[in-house]
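As structure tokens, the structure follows; a few thoughts come after it.
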Amino acid sequence: MKALRMAAVCLTALGLTMAHAAPALTDEILIGELHPLTGPASFYGIPESRGIQLAVEEINAAGGVRVGDQSQMLRLMTEDDHSTPTAGVAALKKLRAADVRFIIGPLGSGVAPALFPIIDRDSGVTQIVDGTIAEGVTNGRNIFRNQAAVSQYDLAVADLFRSKKYASVAMMTDRFHAGFMGTQPALSETLKSLNATVAAEEYYKLGDTDFSAAMTKLVSLQPEVLLIRGYPAEGALITRQARQLGYEGQVVWEMVSPPSTVLKNISATEMEGVYNCIPPTTEDYIALGQDKALAFDKAYQAKFGTTPGELSTLSYDAVYILKAAFEKAGSTENEAVNAALAAMRPEDVPQLISGYVAHQDGRLFDDVGQVNLRGAVSIWQGEGWVPVPDLAG
Amino acid sequence: MARIPHIALISAVAFAAAVAVATQMNDYLLYVVILWAIFASLAVSFDVLLGYTGYLSLAHGALFGLGAYTGAIMTTRAGAGFWLALPVAGLVTAGVAMVVALIAFRTRGLYFAVLTLGIGLIGHQMFLVASGLTGGVLGFAGIPGPGVPSWLPIDQNLWNTCLALALLLVTFLAAQVFVRSRLGAACIAVREDMTLAQALGIGISRARLSAFIFSGFFTGLAGALFAAINNFVAPESFTVLGTGFQLVALVVVGGMGTLWGPILGAALLTALPEALRMASGYSMLAYGVLLLVFILFAPKGFAGLIQRGAAVLRRPATRKLSPTKEGVR
Amino acid sequence: MLDLFLQQTVNGLALGSTYALVALGLTLIFGVLLIPNFAHGEFYMVGAFLTYALVMAGLNFWLAMALGALAVIALGCLIDLVAFRPLRGAPPLSLMISALAASIILQQTATLIWTSEARTIPTPVTGVLRTPFFIVTWMQVVVMASLILSVAAIWAILNRTRLGLAIRATAQNHDAALLMGISMVQVRLATFAIGAALGAIAGALLGATFPIYPTMGVNPVLKAFVVLVLGGIGSLRGAVLGGLFLGLVEVMVAGYLSTELQDIGAFTLLVLVLLIRPQGFFGTAQVER
Numbered sequence: 001m002k003a004l005r006m007a008a009v010c011l012t013a014l015g016l017t018m019a020h021a022a023p024a025l026t027d028e029i030l031i032g033e034l035h036p037l038t039g040p041a042s043f044y045g046i047p048e049s050r051g052i053q054l055a056v057e058e059i060n061a062a063g064g065v066r067v068g069d070q071s072q073m074l075r076l077m078t079e080d081d082h083s084t085p086t087a088g089v090a091a092l093k094k095l096r097a098a099d100v101r102f103i104i105g106p107l108g109s110g111v112a113p114a115l116f117p118i119i120d121r122d123s124g125v126t127q128i129v130d131g132t133i134a135e136g137v138t139n140g141r142n143i144f145r146n147q148a149a150v151s152q153y154d155l156a157v158a159d160l161f162r163s164k165k166y167a168s169v170a171m172m173t174d175r176f177h178a179g180f181m182g183t184q185p186a187l188s189e190t191l192k193s194l195n196a197t198v199a200a201e202e203y204y205k206l207g208d209t210d211f212s213a214a215m216t217k218l219v220s221l222q223p224e225v226l227l228i229r230g231y232p233a234e235g236a237l238i239t240r241q242a243r244q245l246g247y248e249g250q251v252v253w254e255m256v257s258p259p260s261t262v263l264k265n266i267s268a269t270e271m272e273g274v275y276n277c278i279p280p281t282t283e284d285y286i287a288l289g290q291d292k293a294l295a296f297d298k299a300y301q302a303k304f305g306t307t308p309g310e311l312s313t314l315s316y317d318a319v320y321i322l323k324a325a326f327e328k329a330g331s332t333e334n335e336a337v338n339a340a341l342a343a344m345r346p347e348d349v350p351q352l353i354s355g356y357v358a359h360q361d362g363r364l365f366d367d368v369g370q371v372n373l374r375g376a377v378s379i380w381q382g383e384g385w386v387p388v389p390d391l392a393g
Numbered sequence: 001m002a003r004i005p006h007i008a009l010i011s012a013v014a015f016a017a018a019v020a021v022a023t024q025m026n027d028y029l030l031y032v033v034i035l036w037a038i039f040a041s042l043a044v045s046f047d048v049l050l051g052y053t054g055y056l057s058l059a060h061g062a063l064f065g066l067g068a069y070t071g072a073i074m075t076t077r078a079g080a081g082f083w084l085a086l087p088v089a090g091l092v093t094a095g096v097a098m099v100v101a102l103i104a105f106r107t108r109g110l111y112f113a114v115l116t117l118g119i120g121l122i123g124h125q126m127f128l129v130a131s132g133l134t135g136g137v138l139g140f141a142g143i144p145g146p147g148v149p150s151w152l153p154i155d156q157n158l159w160n161t162c163l164a165l166a167l168l169l170v171t172f173l174a175a176q177v178f179v180r181s182r183l184g185a186a187c188i189a190v191r192e193d194m195t196l197a198q199a200l201g202i203g204i205s206r207a208r209l210s211a212f213i214f215s216g217f218f219t220g221l222a223g224a225l226f227a228a229i230n231n232f233v234a235p236e237s238f239t240v241l242g243t244g245f246q247l248v249a250l251v252v253v254g255g256m257g258t259l260w261g262p263i264l265g266a267a268l269l270t271a272l273p274e275a276l277r278m279a280s281g282y283s284m285l286a287y288g289v290l291l292l293v294f295i296l297f298a299p300k301g302f303a304g305l306i307q308r309g310a311a312v313l314r315r316p317a318t319r320k321l322s323p324t325k326e327g328v329r
Numbered sequence: 001m002l003d004l005f006l007q008q009t010v011n012g013l014a015l016g017s018t019y020a021l022v023a024l025g026l027t028l029i030f031g032v033l034l035i036p037n038f039a040h041g042e043f044y045m046v047g048a049f050l051t052y053a054l055v056m057a058g059l060n061f062w063l064a065m066a067l068g069a070l071a072v073i074a075l076g077c078l079i080d081l082v083a084f085r086p087l088r089g090a091p092p093l094s095l096m097i098s099a100l101a102a103s104i105i106l107q108q109t110a111t112l113i114w115t116s117e118a119r120t121i122p123t124p125v126t127g128v129l130r131t132p133f134f135i136v137t138w139m140q141v142v143v144m145a146s147l148i149l150s151v152a153a154i155w156a157i158l159n160r161t162r163l164g165l166a167i168r169a170t171a172q173n174h175d176a177a178l179l180m181g182i183s184m185v186q187v188r189l190a191t192f193a194i195g196a197a198l199g200a201i202a203g204a205l206l207g208a209t210f211p212i213y214p215t216m217g218v219n220p221v222l223k224a225f226v227v228l229v230l231g232g233i234g235s236l237r238g239a240v241l242g243g244l245f246l247g248l249v250e251v252m253v254a255g256y257l258s259t260e261l262q263d264i265g266a267f268t269l270l271v272l273v274l275l276i277r278p279q280g281f282f283g284t285a286q287v288e289r
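Chains as they are written, first to last, in full-length UniProt numbering: chain B, 1 to 393; chain G, 1 to 329; chain L, 1 to 289.
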């Protein structure tokens, strides 16, 4: 009973200690970013957060954002979403309570759908998703995404099957990955329509280490293709275990898998000839020798003392997309910025590193706020992925 | 022991005070309060099982999820209103809890803990596999929130907070009534000495079964409210390692067998990760260190610290006897 | 069909021996000191990371593993000193929370040092053994052999040395052992050292087949608790057979039913076994009505 009095006291204390953050100065634009900075997903989240920091510093150093006839600086507020829905929602509410009206993130396919209903009905906030590939987390009104959707990854898989005329396939999908699980039935249908027999659809989960049961079954079926959809640590392990058990067909990956990570888990010889079907990522743009990517790499290494992550460029791009929208709208009112984003064309943002293709009407985002960042087929040769140019079509 | 009307009065005052404080808060703080109140309700009902019978269940993360999904399915697929879905979720969860208990009470000690851990893991996996019902890993989206009554001039977030606080109030009072009943007394007998209790003819099976069902019912209510407030749930929120162990930590840090200690435990462990947001990268580390420090230096939890402090303050006064012996069977 | 079944059986035994290897150290510490040591998964993780670091620095794998194990023994004794010894006589629940806290602290420290990127130790033994009936990698053979060696070594220590006698006496009756003048400090130290070394060896060996990352110990330790309960707490024989049994069941469920049901199958089995034998295969009866 004293406890209850205590509880009331604590509650008040809670209210006092977590007081409102300082409001933004008038010549500042607050940008909130939400990424996992702790936990297993931080391997992807931290490089995204750093990509944003770098872009914000660059923009501020170059004089800020021209809104109408006045310059405004960007101020960044970073929040950790732990890659869980509850922490993500709490982080979003915290940003909103500090009057942040522009948000970049999140990474997690489990976080984005939890944020969606809140942002969807909140006309006072604009979100650019730079991480998750899950379907159905944008609306084209105040939620946009400059990362590919899984269905765009799947297009590259279909390209590959169309051109190679594979007759059969077994699929291994990470069933903890909301994005890949979301398009699993559709992709399976697409492959069937391309005359490939789907011999097996098997599942594993992030952190699994033993795939021998599924691989033994697979070897007995000997499909022409083994398609693995998930993360590279498991991808490497599945590839290795399949080979060890005597699988001789083509291995195809559909996953963000920078060569540096891949080679920490499997030897280059075992990877030789594996296909991957995703849009190019940071390491690809650098390997291609693209000027902006090289400059980004250099600045990133100078600032953080380590190489950028595969999604860093997307996060970097997201900041420049927002900047272009502020300047085009001549305002930092959400309604105007949303309209500017909806009407934006890729050429309006010359700083973009990722190779966005304009939609048919010339815009960067389509009606549901999705960029066109199509998956492309690459093949592992020697020490890394090499584009396979003659496939797209 | 204090009498029920006495406790009810103080609780109601505390509830009113909490609501009054809440009206001054922004949406973020309200959300933190909601999380606290929901986890405090879970912890209080869990304390009835853990603190009063001594049985450690790790299946409660899944039971929380069962309540959430039952509520979600009721309000979306079955078209029921929130106020119908809430008790149904509680009853369904209590029913499943009864089945779990009948299986699990064949064992004791670590066997009981691991058996319920297994059931918790099965439950979590079922949420993933039964994707037709639950949405699987993609989560269950579009759950309608508890609508604000039209005569109330407050917004949704404040109303959600009031509901969560009300759930905590109801759970706390119900738990107080339960532990003072004959069943509650029998539960303590189970904890203290099962053989003796049996020899005295105390119905231990009925006592511990009812404690498990009691905690199941309120866990279900909390789940349904959690789902309605978030409009979205995913299996990730109902894991054994996340939610299952979290509940144990809340109760132990708060003080087992006190009912009010777990409320403070929930406050500490909900507020801490939020307060440590700026120390991102070190926040989980700090959480681990705090847990360790608590268990080493305040083994009776927050409640124990406060009781000791209070005893020091009014030394001459007679000390009240409270349940002391801890232990898991 | 038959050779498919044989292959799946071999797969199951190979997986099961990894479970058993992790469970050995856990069951030893629990059986003797009654500590539900969740941090065992972190002994396993640190063993894997240290071996990785040393191998990357150019050391031979086996030497790296031995050095890693020594370091983890020191870590194990430190954890005991900080997290468990102050709680002597406390209820198992406090010990469990303490172990959980230690496990979180170790995971987070490892994340700060090594980041959460997954990596694999270059396999010391490569190649595949192909028989007419089944295929098994030499690394899997090494893991199974290590399991047999570890069990033999523990058995020898427990049954052929004075220290082993003291450990067994403590496991049977802590107070009586104390009265007999057995040094608890020595027993604790020895038990933790052996348990931690077993964890580190398991980590090094499995880190050469599986990816290593800071939270890699979480799932194996959960499985190891299941093995512990299946086999009967404190029983070495139970840990080995329980591990092999769990591995076989998981592989058979994944191979013949569905990979989605692999975990559900394993845990349903746990529930069924405990329904029939509430004390596990080799535990002493303490059933109640």
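Cβ atoms here follow ideal geometry from the backbone N, Cα and C, with glycine treated the same way. Keep in mind it's a predicted model, so treat the numbers as computed, not measured.
Self-check item: Entirely enclosed alpha helix (DSSP H) segments - the segment 16-77 of chain L, minimum 4 residues
Solution: 40-56
Which chain B residues are close to L:V22, counting only those with a beta carbon under 9 Å from its beta carbon? What L:V22 touches in chain B: nothing, since even the nearest Cβ is about 11 Å away.
Fill in: Reduced DSSP secondary structure (H/G/I, E/B, other) of B:H35
strand
Next item on the list: Could you tell me whether any Cβ in chain L is nearer than 8 Å to the Cβ of B:L245?
Entry: Yes, contact with chain L.
Interface partners of B:S176 on chain G, CB under 7 Å: With the sequence shown as reference, residue 176 of chain B is identified as Phe, and Ser is not the correct amino acid for it. Under the 7 Å cutoff, chain G gives V137.
Check: Under the three-state reduction of DSSP, which class applies to G:G109: helix, strand or coil?
Finding: helix
Problem set entry | Given 8 Å, three or more beta-carbon pairs between the segment 192-199 of chain G and the segment 16-31 of chain G | no
>> So, does the segment 26-38 of chain B touch the segment 73-81 of chain B, judging by three or more C-beta pairs under 8 Å?
In response: yes
Query - Beta-carbon contacts of G:G255 that lie in its chain and below 6 Å, excluding the five residues immediately before and after - result: G261, K300, G301, F302, A303 and G304
- Message: Which of the three DSSP states is assigned to L:V192 in this structure?
- Response: According to the sequence displayed, residue 192 of chain L carries Phe and not Val. Note: L:F192 maps to helix in three-state DSSP.
In angstroms with no decimal places, state the Cα-to-Cα distance between L:G16 and L:L246.
6 Å
Margin query: I'd like to check one pair, G:V48 with G:S215: are the Cβ atoms closer than 8 Å?
Written below: yes
Item to complete: Have a look at B:R121, B:S354, B:N60 and B:N334 and flag the residue whose alpha-carbon is nearest the alpha-carbon of G:G142.
Response: B:R121
**Request:** Taking L:A83 and G:L292 to be in contact with their CB atoms under 8 Å, please state how far apart those CB atoms are, rounded to whole angstroms.
**Result:** 6 Å
**Asked** Going along the segment 85-103 of chain B in order, which residues come within less than 9 Å of chain G, judged by CB to CB distance?
**Response** P85, T86, A87, V89, A90, A91, L92, K93, K94, L95, R96, A97 and A98
Exercise for the section: Output, in chain order, the set of chain G residues within a Cβ distance shorter than 9 Å of L:A83. Expected result: L292, I295 and L296, listed in chain order.
Does the beta-carbon distance from G:L42 to G:F15 come in below 8 Å? no
Check: Using the rule of at least 16 other Cβ atoms within 10 Å of the residue's Cβ for burial, across every protein chain shown, is G:Q176 buried or exposed?
Finding: buried
Is the Cβ of G:L128 closer than 8 Å to any Cβ of chain B?
yes
- Item | Beta-carbon gap between G:T116 and G:S57 smaller than 8 Å | yes
8 Å is my cut-off, CB to CB: does B:G207 come that close to chain L? yes
For a minimum of 3 consecutive residues, which ranges assigned as the beta strand (DSSP E) are wholly contained in the segment 201-251 of chain B?
Counting only unbroken stretches of 3 or more residues, the beta strand (DSSP E) elements lying wholly within the segment 201-251 of chain B are 225-229, in sequence order.
### Separation of G:G123 from L:I276, as counted between CA atoms
21 Å
Kindly list the residues whose CB is nearer than 6 Å to the CB of B:F304, restricted to its own chain and excluding five residues on each side of it in sequence; keep chain order.
R50
Across which residues does DSSP place G:Q246 in a beta bridge pair? Looking at the DSSP assignment, G:Q246 forms no beta bridge with any residue, so it has no partner.
Item checked: CA nearest to the CA of B:Q241, picked from L:M96, L:A20, L:L95 and L:V136 -> L:V136
| Is there a Cβ from chain B that is less than 8 Å from the Cβ of L:Y44? | no
task = Using a Cβ cut-off of 7 Å, pull out every chain B residue sitting near L:N219, in sequence order please.
result = Those within 7 Å of L:N219 in chain B are G207.
Supposed contact pair L:V249 and L:L274 - C-beta distance, whole angstroms, cut 8 Å: Actually they do not touch by this definition, with Cβ atoms about 14 Å apart.
Contact list for the segment 260-275 of chain L against chain G, Cβ threshold 8 Å: Residues of the segment 260-275 of chain L with a C-beta less than 8 Å from any C-beta of chain G: E260, L261, D263, I264, F267, T268, L270, V271, L274 and L275, listed in chain order.
Quick check on the DSSP output: the beta strand (DSSP E) that includes L:W155 runs from which residue to which?
No beta strand (DSSP E) contains L:W155, which is instead part of the alpha helix (DSSP H) from W138 to R160.
* **Identity of the residues DSSP links to B:W385 by a beta bridge** => B:W380
Under 9 Å by beta carbon: chain G residues contacting L:Q279:
T107 and Y111
Quiz item: alpha helix (DSSP H) containing B:A310: first to last residue?
Solution: With the sequence shown as reference, residue 310 of chain B is identified as Glu, and Ala is not the correct amino acid for it. Unbroken run through B:E310: none, as it is neither H nor E.
Since B:G355 meets chain G, which of its residues come closer than 7 Å, beta carbon to beta carbon? Near B:G355 there are no residues of chain G at all, since even the closest Cβ is about 29 Å away, more than 7 Å.
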